[in-house]
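Residue numbers (this note's numbering), protein chains in the order written: chain A, -7 to 209; chain B, 8 to 75. Below: one structure, written as structure tokens.
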């Protein structure tokens, strides 16, 4: 069975097809439920499958709070799903309540062709390459600090995501505050040399399913 | 870049980020496996199944090496 999301026990699977079968199902325990799909075939993990999975989750998130499950996670039987639910329902139920009304947005800032700059610097000398690399890292750190400060009033939590190019910051934001955060970030882009800035979302809280502070305490 | 091109480009970037979160974020399910032969349990493995984008795994391995 392909697992989609943990939801409150009174939530129901949305109408519409899954990845491989004509419908989604709900498996319930006392404190939580899981949206699943009978999926007999092995998934290939293609971009198309990932995208369809994401679309189903985003649609589901408009109807109920949810904790998305990492794609593609499969368990063999209903009883295995139920056992997993029963083993984790207390923690999941608590986190679902904490995340009610909150969504994830991802802010990405990307500068024009950073690899081109590094290539050019590496052709000049090793020192030049290292200086150029250090400047790129400093620019990234400065942007992370600026954006973090900028969104402080709206973001309940922040997570800097790994990025090959530029920076990415995931923010946990109340649904009503998302337009304010988006306007602030896009305004910030226009007043400085911040490259291409994209605000993606709102999406289910992929990066915040675990309360990091509580877990590390 | 025209407005339409810029919007298309931004949409593509956001889609890439969404797919990255689908396979790199979310709840990680843990499981237990018992390996046995002819009905006799031989090896018990407590598993934490983690699927993640390669660049996140590489970063995590590098961090662990540095702290070791």
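Even glycine gets a Cβ: it sits at the ideal position worked out from N, Cα and C. These numbers come from a predicted model, not from an experiment.
The alpha helix (DSSP H) spanning residue i covers which residue range?
{"i": "residue 180(A)", "result": "170 to 182"}
{"i": "residue 157(A)", "result": "No alpha helix (DSSP H) holds residue 157(A); DSSP gives it neither H nor E."}
{"i": "residue 20(A)", "result": "From DSSP, residue 20(A) is part of no alpha helix (DSSP H) but of the beta strand (DSSP E) over 17 to 20."}
{"i": "residue 75(A)", "result": "70 to 91"}
{"i": "residue 46(A)", "result": "39 to 53"}
Taking Cβ positions only, does residue i come closer than 9 Å to chain B?
{"i": "residue 199(A)", "result": "yes"}
{"i": "residue 12(A)", "result": "no"}
{"i": "residue 193(A)", "result": "yes"}
{"i": "residue 174(A)", "result": "no"}
{"i": "residue 50(A)", "result": "yes"}
{"i": "residue 212(A)", "result": "Nothing can be reported for residue 212(A), as the shown portion of chain A is limited to -7 through 209."}
{"i": "residue 130(A)", "result": "no"}
{"i": "residue 5(A)", "result": "no"}
{"i": "residue 60(A)", "result": "yes"}
{"i": "residue 78(A)", "result": "no"}
{"i": "residue 65(A)", "result": "yes"}
{"i": "residue -2(A)", "result": "yes"}
{"i": "residue 98(A)", "result": "yes"}
{"i": "residue 135(A)", "result": "no"}
{"i": "residue -5(A)", "result": "yes"}
{"i": "residue 89(A)", "result": "no"}
{"i": "residue 43(A)", "result": "yes"}
{"i": "residue 153(A)", "result": "yes"}
{"i": "residue 166(A)", "result": "no"}
Go to residue i, then tell me how far its beta strand (DSSP E) extends in each direction, as first and last residue.
{"i": "residue 129(A)", "result": "That residue, residue 129(A), is in no beta strand (DSSP E); its alpha helix (DSSP H) goes 118 to 142."}
{"i": "residue 102(A)", "result": "94 to 102"}
{"i": "residue 27(A)", "result": "25 to 29"}
{"i": "residue 193(A)", "result": "188 to 195"}
Just the C-alpha distance for residue i and residue j, rounded to the nearest angstrom, thanks.
{"i": "residue 147(A)", "j": "residue 65(A)", "result": "29 Å"}
{"i": "residue 13(A)", "j": "residue 200(A)", "result": "29 Å"}
{"i": "residue 32(B)", "j": "residue 62(A)", "result": "6 Å"}
{"i": "residue 24(A)", "j": "residue 130(A)", "result": "44 Å"}
{"i": "residue 22(B)", "j": "residue 28(B)", "result": "10 Å"}
{"i": "residue 7(A)", "j": "residue 18(A)", "result": "11 Å"}
{"i": "residue 41(B)", "j": "residue 73(A)", "result": "Bear in mind that the predicted position of residue 41(B) carries a pLDDT of just 47, short of 50, making it too unreliable to give a figure here."}
{"i": "residue 11(B)", "j": "residue 19(B)", "result": "12 Å"}
{"i": "residue 5(A)", "j": "residue 196(A)", "result": "16 Å"}
{"i": "residue 39(B)", "j": "residue 202(A)", "result": "Confidence at residue 39(B) is low in this model, with a pLDDT of 48, below 50, so its placement is unreliable and the value that follows should be read with caution. Approximately 21 Å, taken between the alpha carbons."}
{"i": "residue 142(A)", "j": "residue 55(A)", "result": "30 Å"}
{"i": "residue 26(A)", "j": "residue 159(A)", "result": "33 Å"}
{"i": "residue 40(A)", "j": "residue 26(B)", "result": "10 Å"}
{"i": "residue 30(A)", "j": "residue -6(A)", "result": "7 Å"}
{"i": "residue 88(A)", "j": "residue 3(A)", "result": "12 Å"}
{"i": "residue 52(A)", "j": "residue 123(A)", "result": "47 Å"}
{"i": "residue 126(A)", "j": "residue 102(A)", "result": "16 Å"}
{"i": "residue 190(A)", "j": "residue 48(A)", "result": "23 Å"}
{"i": "residue 177(A)", "j": "residue 135(A)", "result": "11 Å"}
{"i": "residue 91(A)", "j": "residue 183(A)", "result": "33 Å"}
{"i": "residue 171(A)", "j": "residue 188(A)", "result": "19 Å"}
{"i": "residue 80(A)", "j": "residue 154(A)", "result": "28 Å"}
{"i": "residue 119(A)", "j": "residue 139(A)", "result": "30 Å"}
{"i": "residue 100(A)", "j": "residue 169(A)", "result": "18 Å"}
In chain order, what residues of the same chain lie with their CB nearer than 6 Å to the CB of residue i, ignoring the 5 residues before and after it?
{"i": "residue 192(A)", "result": "98"}
{"i": "residue -2(A)", "result": "24, 26, 59, 84"}
{"i": "residue 67(A)", "result": "-7, 73"}
{"i": "residue 181(A)", "result": "189"}
{"i": "residue 162(A)", "result": "96, 98, 151, 153, 199"}
{"i": "residue 16(B)", "result": "none"}
Going by beta carbon distance, what residues of the same chain come within less than 8 Å of residue i, once the five residues before and after it are set aside?
{"i": "residue 44(A)", "result": "11"}
With a threshold of 7 Å on Cβ separation, who are the neighbours of residue i within its own chain once the five nearest residues in sequence on each side are excluded?
{"i": "residue 42(A)", "result": "63"}
{"i": "residue 78(A)", "result": "21"}
{"i": "residue 121(A)", "result": "110, 113, 114"}
If you measure from the beta carbon of residue i to each beta carbon in chain E, is any gap under 9 Å?
{"i": "residue 20(A)", "result": "This model lacks chain E altogether; the protein chains it does include are A and B."}
Between residue i and chain A, is there a C-beta pair that is closer than 9 Å?
{"i": "residue 30(B)", "result": "yes"}
**OP:** Could you run through the segment 12 to 26 of chain B and flag, in chain order, every residue whose CB is less than 8 Å away from some CB of chain A?
**Re:** Of all residues in the segment 12 to 26 of chain B, only 16, 17, 20, 21, 22, 24, 25, 26 come within less than 8 Å of chain A when Cβ atoms are compared, listed by chain position.
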